[in-house]
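J.: Take a look at the following structure, please.
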């Protein structure tokens, strides 16, 4: 095994052993495989698919659709990514702070069914959604 000597500004010399190239890449490969397995198992869990869409807070502090599952009720209703969420169960949603958005997403986890209002540049639609349990 190769080693190098490194001299610090204080004058102290430290010897470092170098790992082989083959060992280094083997460890990187194992790390990436474990990372991919963990990502795959967490992304397929039901908790990540509570609703048929994901909502985010845009730069204008409005809640909008940022992801829609293929074949969902929202996709069938013509809702698109970027459409604004205007209401949930007749409660109007306008400009939110990040803290208010976090409270909103936490309250959605407690619901099993909700009616969402969506608005794009042309129309406003209301869609009743059931939580995926």
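Numbering (the working numbering), first residue to last: 112 to 244.
The beta carbon of each residue, even a glycine, is placed where N, CA and C say it ideally should be.
Small disclaimer: the values here were computed from a predicted structure and weren't measured.
Measuring only the C-alpha atoms, how far is residue 220 from residue 177?
T.: To locate residue 220, count along the chain shown from 1; it is residue 109. To locate residue 177, count along the chain shown from 1; it is residue 66. Spanning the two alpha carbons is a distance of roughly 17 Å.
J.: From residue 118 to residue 215, what does the alpha carbon distance come to, in whole angstroms?
T.: The residue given as residue 118 occupies position 7 in the chain shown. The residue given as residue 215 occupies position 104 in the chain shown. Approximately 56 Å between the Cα atoms of the pair.
J.: DSSP has residue 168 in a bridge; who is on the other side?
T.: Within the chain shown, residue 168 is the residue found at index 57, counting from 1. According to DSSP, which records beta bridges pairwise, residue 168 is partnered with 174.
J.: Is the Cβ-Cβ distance between residue 227 and residue 196 less than 8 Å?
T.: Along the chain shown, one-based indexing puts residue 227 at 116. Along the chain shown, one-based indexing puts residue 196 at 85. Closer than 8 Å, so yes.
J.: Counting C-beta neighbours from all protein chains within 10 Å, is the total for residue 229 16 or more, i.e. buried, or is it exposed?
T.: The count along the chain shown starts at 1 and reaches residue 229 at position 118. So residue 229 ends up on the buried side.
J.: Give me whichever residues DSSP pairs with residue 241 in a beta bridge.
T.: Position 130 of the chain shown, counted from the first residue, corresponds to residue 241. Residue 241 is bridged to 224.
J.: Going by beta carbon distance, what residues of the same chain come within less than 6 Å of residue 194, once the five residues before and after it are set aside?
T.: Counting from 1 along the chain shown, the entry for residue 194 is found at position 83. Once the five neighbours on either side are set aside, the close Cβ partners of residue 194 are 176, 229 and 231.
J.: Three-state secondary structure (DSSP) at residue 197?
T.: To locate residue 197, count along the chain shown from 1; it is residue 86. In this structure, residue 197 counts as strand in the three-state DSSP scheme.
J.: State yes or no: is the C-beta of residue 179 within less than 8 Å of the C-beta of residue 190?
T.: In the chain shown, the residue the question calls residue 179 occupies position 68. In the chain shown, the residue the question calls residue 190 occupies position 79. The answer is yes: Cβ separation under 8 Å.
J.: Measuring CA to CA, which of 143, 182 and 167 is closest to residue 208?
T.: As a first step, residue 208 must be located in the chain shown, where it is residue number 97. Residue 167 is the option with its Cα nearest to residue 208.
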